[in-house]
Structures are given as C-alpha cells and as structure tokens.
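Novice: As numbered in this note's numbering, residues 71 to 599 make up the sequence shown, in order.
Just so it is clear, CB atoms sit at the ideal spot from N, CA and C, and this is done for glycine as well.
All values reported here derive from a predicted model rather than from experimental measurement.
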Amino acid sequence: MQNVLCSVSENTSSSIICFDNRNKCIYVNDSACRLIGASKDELGVFEKKFEGYINEFIEKKSDYEVIKTDYEIASQIRSVFIEFQTMRDKKDKYLGCFFKMEDRTEEVKRFEMEKYRATHDSLTGLLNRVAFMEQATRILFDNPDGKFYVVASNVREFKLVNDLFGTKVGDMVLCKEADVLRKLSENTGVVAGRISGDRFALLIPEDYYDEEMAVKSIEDIERIMKVYDYKLRICMGVYEVRDHNENVQTMYDKACMVIDKTKNDYLKVLSYYDTSIMQKAMHEKNVINEFDKAIEDEQFKMYLQAQVDNEGNIMGGEALVRWEHPENGLIFPGDFIEILERTGHIYNLDAYIWEQAAKKLCEWKQNGITDKHISVNISAKDFYYMDVYKSFTNLVRKYDINPDNLKLEITETVLMHDLEMHLEVLDKLRKFGFQIGVDDFGSGYSSLNMLKDIKADVLKIDMVFLRETENHVRSRIILNSIIGMSKKLGMKVLTEGVEKEEQIGALKEMGCDFFQGYYFSKPICVEEF
C-alpha cells in the first residue's frame, strides 16, 4: 500500500508536502522539489517555507484552506495555488497536515487575457463601453465628495477619413487619440475608454482637468493628418458631474449632446453642457412624442397671412400653422417646424395643412367666394416621403376646387438636390393647373442657374432686402434687378416682410405685383381672415 501511494504521489502533477503532528516535514514528491527548488534531503527548507502557513492555519483551527500566491521560479513569477488540509485518525486525533501545490500560471494568464479582452477595446487597448461605465461608476461611488468631469470626444466625418484614406489610416487616427487619452490617465485617476467607433470618453478629477491641455491634446491628434493635407476635426463635450448617483451613461450622453448641438460650429472644439441643452432636448422629444396625437386631435390650426395686389386688394393668403396645445397654449412654428423637418415628420404636417387649405377653399366656393387663393408650402422632404403630384391632384378632385386657387410654394433648398426630379414633378403640377411660387428667394444660396431651369409663376422675394442696413442703396439696386429679371422671365413678383408705407411705394415703382407683411396683416386664424 505504501509503495502504491508513493507511486501515485510521485506521478501526479501536483506538488505534495507532508508534515507530522510536530510540524516536521516527513515527505515531499519530485514535483514539490522542482517547484520549491530543494531536494528530498533538504526537508528543513520545506519546514521553513511552510512554517508560517501551518501556524496561521492551526491557530485559526482550520482544517482546510486554499490560497493563491506568487512564487519566483527560475527568475519568473509564477501563480501558484496552495491547498492545505489536516490529517486526523478515527478518534479525531491530529496526525499532521499536508500541502498540495499547483502551478496555474498559464491558466491564470488565459483568464487574465480573457478578462482583458472582455473589458478592453481590441484596437486601442482602452476600456470598452461596459468596462468604462463600470469603472467610472465605482470611482464616483468611492469618492462621493470628489469633483469630476465626464468628457466625450469624436472625430467629425470620420467615415470620410476611412473612405478617402482607408481603414488603416482611420485606425491610426483612433490609436493616436487613444495614446493621448492614455497619457492623460497615467497616475492621475483619469479613466479613459473607447465607447464606439470614433467616440471616446474620459472621467477626470477636477484637479487634473485643464482646458488648455485638452485643446492641445486635440491639436496633437489633428496634426497626424497634416501629412495627407486633410483637416481633421475632433470635438469634445464636457459635463460637470453634480450628482454622483446619476447614471454614468446619462452623463456621457449629456457630454455627447453638447457635441451634437455645436456640430456646425467649425471654430468650437471644446463645449460645455448646461441645463438649457437638456431642456431643448426634452422639448424636441416632447414635440415628437405628442405629434401624432396632435395631428389626430386637430391641434394644428391653419392661419392665413394676407397677400394683396398693388391696389391693396386681398388676393388670398399664405397658409401658416400654429399649434394650439391643450396644456401649453399657442405654440408658434419656430418651436416645432425645424424639429419636424430634421426628424422627417414634416411631411405629415404638410399633408395635413394642404388638406385644411383644400377643405377651406371648398367651403369658400360653396359660399360664392371663388376669386381668393390659399398658398401652401412644400418642404424638401415631401418629395421623398410621398407622391406630391398625386397628393395635390387628389385634393382637387376630392374637394372639387380650382387648382389655380391652391397655389404651391417651394423654397430654393427644395431645388438644391435632385433638381431634375423636382422640376419634372413641378412641371406636371403646372400642366394640371397649379401655380408654382419660389419662396424666400434671396434668403439662402440663391441660384440664378435655378431660375434658368425652373418654370415658376411667382417669385417671392425674402424680407431680407427690406431690412434697414448700412447697405440700403445696394439692397435696393439688387431688389430692382431681381424684379426686372423676373418680369423678363414671365414671373410675377411678391415681396414678403412689408412693414412700412414707404416700402410699398418703392416696390410699386420697381414693378412688384403683390405684397405680404405686417403692414397689411399678421397671420390670423381663418375665421378672422
């Protein structure tokens, strides 16, 4: 039996060291000798090595323990698991103890590697989204009185960098940004992570936050693209942590929100979050959330602003919209139109107002009013979300109205993209009997080339030309030229923003046909109109 047990002990991969009840080493196998670096004749070495463990465990009256420790073996630090167990006879008398040791260095390395891969970004080596959020949360929890900033960063139009120069250059940019962030986090308590794509995040203690250093870091990253003669733009949004219990993801989102709000400001590389940004975001969210029900409940009301001829006769009105909110009262277009345009909901509102206009023209016709028109606006996105031609022709048939009384207004921006497709639709509408007006001419990037191609009936000149400026004379010269040119192109001219009587006189002399503005009437509800 003794020979069998010795054979088993010698051939196991575990290192085994046995002690009697006097704590004298009585047996070690070959594996233990290799691990400890002593022979079977040097049992005293083993006694000295394990004396502390035995005393500690016996003092604790422990019969079984497992610990992990690091051993230096052949000038290498190895991870060793040590299992301690006492030996007792049938009467529970203490006979001694033994240690079983296993070198699990490779297993620990694999575990650490898997843990690293699970918590770090494979390209940059920074923490990934989940690990960053967890570590930042832990730091804020452990430092309830500390002051911190959460900083978000991203590369503007990063996809363009990949498309123009390849993903290898794109990866180089990301790794450079990671290097800069890693240097910031060395011995400073800063936590850095790659959240996704070209978006990174930092948690920085106030003592280490330096705006000048942040801007310089951005410049260092942007400099690497100079060799490609490409202007790289990196933006940062900063959120000051006020509530340590707030979700870190929410803090990061707020920092990102600043970047998104300043995306068109090419001079701003570093922006700070304030509560007005959240209020605006919440307002936008509320507009979108309530929009469908507002359409269903007919909360949007059509208002009309008079359009008059040069004799002062009311020819009709432009359809504008107001939101009569059941709780917030009257809401003006500036508070919701841009949001609906950006989120793609504008076509629903446009279609709703078109129908209200057609319905009102039908009512006027039944009351014997057939010489007044209503002008409605067509947004750029309407052409992509619905069949504009079919929508208007169906309204004419549904309400039995004269298409000449439902005038259509488009802005210059409508024609900036897919001009050929838009012109085809507008030409079909004109042939059906609708009159087309070009709205806000002069407010944006007015294109004479566009006027060359489009066949419109009315050119609406933006009020910008009537504003009092230092270049008053120059404005009048340009205005006179536009009116003269429109006449030669066979278009009537309507000028918006007329507020003073002297403006009317000057515009009449230039040949303006129609007027619209507060001098005649502000936008009013249909009944009042």
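Count Cβ pairs between the stretch 435-442 and the stretch 396-404 that sit closer than 8 Å; are there 3 or more?
Specialist: With a cut-off of 8 Å, the stretch 396-404 and the stretch 435-442 do not count as touching, because too few Cβ pairs lie within range.
Novice: Does DSSP put phenylalanine 361 in a helix, in a strand, or in coil?
Specialist: Indexing the sequence shown from 1 puts residue 361 at position 291. The answer is helix: DSSP assigns phenylalanine 361 an H, G or I state.
Novice: Do three or more CB pairs link the stretch 419-433 to the stretch 467-477 at distances below 8 Å?
Specialist: Enough Cβ pairs lie closer than 8 Å, so yes.
Novice: Taking 8 Å as the limit between beta carbons, can you name the residues of its chain near glutamate 566, skipping five residues before and five after?
Specialist: What you label residue 566 is simply residue 496 of the sequence shown in a count that begins at 1. Closer than 8 Å at Cβ, skipping near neighbours: Asp510, Lys530, Ile531, Asp532, Met533, Gln586, Gly587.
Novice: Using the rule of at least 16 other Cβ atoms within 10 Å of the residue's Cβ for burial, across every protein chain shown, is glycine 387 buried or exposed?
Specialist: For this step, residue 387 is matched to residue 317 along the sequence shown. It is buried - the Cβ of glycine 387 has at least 16 other Cβ atoms within 10 Å.
Novice: For the candidate residues Glu80, Arg148, Cys167, whose alpha-carbon lies nearest to that of tyrosine 123?
Specialist: Mapped onto the sequence shown, residue 123 falls at position 53. Comparing Cα positions, the closest option is Cys167.
Novice: So, isoleucine 291 versus lysine 246, is the Cβ gap smaller than 8 Å?
Specialist: Taking the sequence shown and counting its residues from 1, one reaches residue 291 at position 221. Taking the sequence shown and counting its residues from 1, one reaches residue 246 at position 176. The answer is yes: Cβ separation under 8 Å.
Novice: How about the stretch 484-496 and the stretch 461-475: do they share at least three Cβ pairs that are nearer than 8 Å?
Specialist: Touching, no, given that fewer than three Cβ pairs across the two stretches are closer than 8 Å.
Novice: In this structure, what does DSSP give as the bridge partners for methionine 171?
Specialist: What you label residue 171 is simply residue 101 of the sequence shown in a count that begins at 1. Bridge partners of methionine 171: Ser85, Ile152.
Novice: Report the three-state DSSP secondary structure of asparagine 447 (helix, strand or coil).
Specialist: Walking along the sequence shown from the start, residue 447 turns up at place 377. Asparagine 447 falls in the strand class under three-state DSSP.
Novice: Of the residues Cys326, Ile96, Ser266, Val225, which one's Cα is nearest the Cα of serine 192?
Specialist: For the purposes of this step, residue 192 is taken as residue 122 along the sequence shown, with counting starting at 1. Ranking the options by Cα distance to serine 192, first place goes to Ser266.
Novice: Answer yes or no: do valine 225 and aspartate 268 have a C-beta to C-beta separation smaller than 8 Å?
Specialist: Walking along the sequence shown from the start, residue 225 turns up at place 155. Walking along the sequence shown from the start, residue 268 turns up at place 198. Yes, the pair counts as a contact, with Cβ atoms nearer than the cut-off.
Novice: CB-CB under 8 Å to phenylalanine 116, same chain, minus the five flanking residues each way: which ones, in chain order?
Specialist: The residue labelled residue 116 in the question sits at position 46 within the sequence shown. Contacts found: Ile87, Cys95, Val98, Ala102, Ile106, Ala108.
Novice: Compute the Euclidean distance between the alpha carbons of serine 342 and valine 484, then round it to the nearest angstrom.
Specialist: Stepping through the sequence shown from its first residue, residue 342 is reached at position 272. Stepping through the sequence shown from its first residue, residue 484 is reached at position 414. The question names serine, but residue 342 is tyrosine in the sequence shown. When rounded, the distance between both Cα atoms is 34 Å.
Novice: Glutamate 408 bridges to which residues according to DSSP?
Specialist: Taking the sequence shown and counting its residues from 1, the one referred to as residue 408 is at position 338. Note: glutamate 408 sits in no beta bridge, so no partner.
Novice: In chain order, what are the residue ranges of uninterrupted alpha helix (DSSP H) at least 4 long that sit wholly in the stretch 86-125?
Specialist: Counting whole runs of 4 or more residues, the stretch 86-125 contains the alpha helix (DSSP H) stretches 100-106.
Novice: Within 8 Å, do at least three Cβ pairs link the stretch 311-326 to the stretch 359-373?
Specialist: Because the criterion of three Cβ pairs below 8 Å is not met, the stretch 359-373 and the stretch 311-326 do not touch.
Novice: Go through the stretch 367-404 residue by residue and report every complete run of the beta strand (DSSP E) that reaches 3 residues or more, in order.
Specialist: Fully enclosed beta strand (DSSP E) runs of 3 or longer: 370-379, 384-395, 399-401.
Novice: Mind pulling the alpha helix (DSSP H) runs of 4 or more residues that sit fully within the stretch 201-269?
Specialist: Listed in chain order, they are 228-235, 237-255.
Novice: Just confirm the distance between the C-beta atoms of alanine 526 and methionine 561, as a whole number of angstroms; I'd bet it's less than 8 Å.
Specialist: Taking the sequence shown and counting its residues from 1, the one referred to as residue 526 is at position 456. Taking the sequence shown and counting its residues from 1, the one referred to as residue 561 is at position 491. Between methionine 561 and alanine 526 the Cβ distance is about 6 Å, and since that is below 8 Å, they are a contact.
Novice: Beta-carbon separation of leucine 302 and valine 261 under 8 Å?
Specialist: Working through the sequence shown from its first residue, we reach residue 302 at position 232. Working through the sequence shown from its first residue, we reach residue 261 at position 191. Taking 8 Å as the Cβ cut-off, leucine 302 and valine 261 do not qualify as a contacting pair.
Novice: Starting from the Cα of methionine 385, find the closest Cα among Thr156, Asp583, Glu411, Asp100 and give me that residue.
Specialist: Position 315 of the sequence shown, counted from the start, is the residue given in the question as residue 385. Answer by Cα proximity: Asp583.
Novice: If we ignore side chains and look at the alpha-carbon of each, how far apart do aspartate 162 and threonine 156 end up?
Specialist: Counting from one through the sequence shown, the residue named residue 162 turns up at place 92. Counting from one through the sequence shown, the residue named residue 156 turns up at place 86. Distance between the alpha carbons of aspartate 162 and threonine 156 is about 11 Å.
Novice: Can you name the residues that DSSP bridges to threonine 565?
Specialist: By 1-based counting over the sequence shown, the position of residue 565 is 495. Bridge partners of threonine 565: Ile531, Phe585.
Novice: With 16 other CB atoms within 10 Å as the buried threshold, where does isoleucine 444 fall?
Specialist: What you label residue 444 is simply residue 374 of the sequence shown in a count that begins at 1. Label assigned to isoleucine 444: buried.
Novice: How big is the Cα-Cα spacing for arginine 208 and lysine 355?
Specialist: If you number the sequence shown from 1, residue 208 lands on position 138. If you number the sequence shown from 1, residue 355 lands on position 285. When rounded, the distance between both Cα atoms is 31 Å.
Novice: Measure how close the beta-carbons of aspartate 420 and aspartate 457 come, nearest whole angstrom, since I'm counting them as under 8 Å.
Specialist: Taking the first residue of the sequence shown as position 1, residue 420 is located at position 350. Taking the first residue of the sequence shown as position 1, residue 457 is located at position 387. Rounded, the Cβ-Cβ distance is 13 Å, inconsistent with contact.
Novice: Kindly indicate the opening and closing residues of the beta strand (DSSP E) around serine 341.
Specialist: Locating residue 341 in the sequence shown gives position 271, where the first residue counts as 1. 340-342 is the extent of the beta strand (DSSP E) around serine 341.
Novice: Apart from the five residues just before and just after isoleucine 553, which ones in its own chain have a Cβ nearer than 7 Å to its Cβ?
Specialist: Position 483 of the sequence shown holds residue 553. Hits under 7 Å: Val563, Met580, Gly581, Cys582.
Novice: Take tryptophan 393 and list the residues in its own chain whose beta-carbon comes closer than 7 Å to its own, dropping the five residues that flank it on each side.
Specialist: Position 323 of the sequence shown holds residue 393. Cβ neighbours of tryptophan 393 beyond the five flanking positions: Ala364, Gln369, Phe370, Ile401, Phe406.
Novice: So, with DSSP's three-state summary, where would you put aspartate 299?
Specialist: Within the sequence shown, numbered from 1, the residue matching residue 299 stands at position 229. Correct three-state label for aspartate 299: coil.
Novice: Report the CB separation of serine 255 from cysteine 305 in whole angstroms; it is logged as a contact under 8 Å.
Specialist: Taking the first residue of the sequence shown as 1, we reach residue 255 at position 185. Taking the first residue of the sequence shown as 1, we reach residue 305 at position 235. At roughly 20 Å, the Cβ-Cβ gap does not stay under 8 Å, so serine 255 and cysteine 305 are not in contact.
Novice: Go to valine 308, then tell me how far its beta strand (DSSP E) extends in each direction, as first and last residue.
Specialist: Residue numbering aside, residue 308 sits at position 238 when the sequence shown is read from its first letter. Run containing valine 308: 304-310, per the beta strand (DSSP E) assignment.
Novice: Just to confirm my understanding: we take serine 85, look at its own chain, exclude 5 residues before and 5 after, and list those with CB closer than 6 Å. What are they?
Specialist: Position 15 of the sequence shown, counting from 1, holds the residue named residue 85. Ser101, Ala102, Leu105, Met171.
Novice: In three-state DSSP terms, what is leucine 419?
Specialist: Counted from its first residue, the sequence shown places residue 419 at position 349. Helix, per DSSP.
Novice: For leucine 272, which three-state DSSP category applies?
Specialist: What you label residue 272 is simply residue 202 of the sequence shown in a count that begins at 1. In this structure, leucine 272 counts as strand in the three-state DSSP scheme.
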